[in-house]
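Enquirer: Dropping the structure in here first, questions after.
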Amino acid sequence: MLKSVPAAHKQKVIYSLTERGVELLPILAAMSAWGVKHMPVTEELGIRAKLLTDGGPKLVARFMDELRAEHLGTAKKGRRGPTVRAALQAAYEAVVARKGRRAKR
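Following this line, the structure appears as structure tokens:
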């Protein structure tokens, strides 16, 4: 992980992934899948791991490409639709909203 301090804001620090950090994603996704399978996990906390598992290596590779573009400045691939990060966040928010509606009943 790289750390930089913007000149205008001495108190602000920006962290960026390195290639080594991006390459950890498949390992972290596998560990998350293992955790969801073997440990008690709420649906909210497990939805991202489930989506990455269901999406398989292609989704993980796409996420890695997006992280490289964001953190390393590599060229973005011409993909349409939401980013993997946006899809994972939307799934999390949908679970939270659904559970919130249930709790109000």
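In the numbering used here, the protein residues as written are 467 to 571.
Beta carbons: idealized from backbone N, C-alpha and C, even for Gly.
These numbers were taken from a predicted model, which means no experiment stands behind them.
1) Please report the distance separating the alpha-carbon of Pro548 from that of His504.
2) Looking only at C-alpha atoms, which of Glu559, Glu510, Arg568 and Pro523 sits nearest to Ile493?
3) Mind pulling the beta strand (DSSP E) runs of 3 or more residues that sit fully within the stretch 529-568?
4) Pro506 lies in the alpha helix (DSSP H); which residues open and close that run?
5) Grab me the residues of Thr540's own chain with a C-beta within less than 6 Å of its C-beta, minus the 5 sequence neighbours each way, in chain order.
6) Can you name the residues that DSSP bridges to Ser482?
7) Can you tell me whether Glu485 is buried or exposed, with buried defined as 16 or more other CB within 10 angstroms of its CB?
8) Does Met530 pass the burial test, meaning 16 or more other C-beta atoms within 10 Å, or should it be called exposed?
9) Pick from Leu517, Lys570, Ala495 and Ser470: whose alpha carbon is nearest that of Ala556?
Expert: In brief:
1) The alpha-carbon atoms of Pro548 and His504 are separated by roughly 30 Å.
2) Pro523
3) none
4) Looking at the DSSP string, Pro506 is not in any alpha helix (DSSP H), and its letter there is neither H nor E.
5) Arg534
6) For Ser482, which the question treats as bridged, DSSP gives the partners Leu468.
7) Exposed.
8) buried
9) Leu517
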